[in-house]
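Below is one structure, written out as C-alpha cells; the observations come after it.
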Amino acid sequence: RPSLMNAFELISTSQGLNLSTLFEK
Amino acid sequence: MGCFSSKQIKHTPGYEDPVLLASETSFTVSEVEALYELFKKLSFSIIKDGLIHKEEFQFALFRNSNKKNLFADRIFDLFDVKRNGVIEFGEFVRSLSVFHPKTPESEKTAFAFRLYDLRHTGSIERVELKEMVLALLSESDLHLSEDIVEAIVDNTFKQADSNGDGKIDEEEWKDFVKRNPAILKNMTLPYLVDITMSFPSFVVHSDTSDAD
Chain P
4 RPSLMNAFEL ISTSQGLNLS TLFEK
Chain R
76 MGCFSSKQIK HTPGYEDPVL LASETSFTVS EVEALYELFK KLSFSIIKDG
126 LIHKEEFQFA LFRNSNKKNL FADRIFDLFD VKRNGVIEFG EFVRSLSVFH
176 PKTPESEKTA FAFRLYDLRH TGSIERVELK EMVLALLSES DLHLSEDIVE
226 AIVDNTFKQA DSNGDGKIDE EEWKDFVKRN PAILKNMTLP YLVDITMSFP
276 SFVVHSDTSD AD
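These protein sequence lines are chains P and R, in that order. Its first residue numbered 4, the first sequence is counted upward by one per residue in this note's numbering. Its first residue numbered 76, the second sequence is counted upward by one per residue in this note's numbering.
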C-alpha cells in the first residue's frame, strides 16, 4: 500500500543522492 | 622551454595536505591520496581548473552536465562549504568522509538532516517533504495521484513529527532515523574503503602506516 511508504525512504532512492556513480570510471 | 622537472608537483587550487585531511576525517592518508586522483578526474572533466563545478558534478552523477536534480543540488550545496559555487579538494574529502563506512551514524544522521532541511530553517517542514517526494517521483517517472502523495507525506509526518507541530526538528529526526535505519542507507558508500584500489595514487610516502 503506497500510503504506508516512508517518504524519506522513497527520497533516499534518488539518483541525485547516489554518490557511488562518482566512482565509476 | 622544455625544461620541466618531472618532480615538480602542481596541485589543484585549494589543495590541502593529505596528512591533515586524514587526521580530520575517517580516511587514511593513502585513501585521501586516492581521492585526489578521483578529484582531479572530476574537476578537469569540463572546466579544466581543478575545482568541481556544478556541471561537472552533474556530469559525474548523471553523465549529463545539464541535468537538473533537486537532490544533486542539495548535495553540491552541502559539499560547497565556502559557498563559492565550486567544490575544492578539502571540501570534497571532508564531505565524502560522512559517507565512509567507519563514520559514526550520528554524523550521517546530522548530514541527512541538513540535506533535507531545504530552506535551512532548522527543521524539515511538511512542504519541504512534499517537494522532495514530488521531485523524486518526477525524477523516476512515477506518477502517483495527489491524494496518494499527501497520504505518504501525512503518514511519514505522523511517525516523525512526535510533538505534532508540523515540522520535524533535529531531535525528532534522530529518533525517527533510529526507528527507521533504512533511511540512511545511501549515506554509506562501500566504495570508499576500496578507493585506493580504484584510484591508485603513485606518490610514494615514507610513512604509509595507515593503522586505524
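Glycine included, each C-beta is placed from N, C-alpha and C at the ideal position.
| said: Let me check understanding here. Comparing Cα to Cα, which of R:Val107, R:Glu106 and R:Ile127 lies closest to Lys116 of chain R? | reply: R:Ile127
| Mind pulling the chain P residues with CB within less than 7 Å of Lys260 of chain R? | Ser15
| task | To the nearest angstrom, report how far apart Val252 of chain R and Pro88 of chain R are at their CA atoms. | result | 37 Å
| With a Cβ-Cβ cutoff of 8 Å, do Ile199 of chain R and Ile227 of chain R count as a contact? | no
| request: In the DSSP assignment, find the unbroken beta strand (DSSP E) run with Asp244 of chain R in it and report its ends. | output: Lys242 to Asp244
| said: Below 9 Å on C-beta distance, what does Phe137 of chain R contact in chain P? | reply: Gln18, Gly19 and Thr24
| Going by DSSP, which residues form a beta bridge with Val173 of chain R? | The partner list for Val173 of chain R (beta bridge, DSSP) is empty, contrary to what the question assumes.
| request: Verify the CB distance criterion: does Leu113 of chain R have a CB-CB separation below 8 Å to chain P? | output: yes
| said: Contact defined as beta carbons within less than 8 Å: I believe Glu91 of chain R pairs with Phe164 of chain R. What is the distance between those atoms, to the nearest angstrom? | reply: 6 Å
| field | CB-CB length for Pro176 of chain R against Val104 of chain R, believed under 8 Å | value | About 18 Å separates the two Cβ atoms, so there is no contact after all.
| Can you name the start and end residues of the beta strand (DSSP E) that Ile199 of chain R belongs to? | Ser198 to Glu200
| request: Taking the CB atoms as reference points, tell me whether Gln133 of chain R and Lys123 of chain R lie closer together than 8 Å. | output: no
| task | Spell out whether any CB of chain P is found under 8 Å from the CB atom of Met207 of chain R. | result | yes
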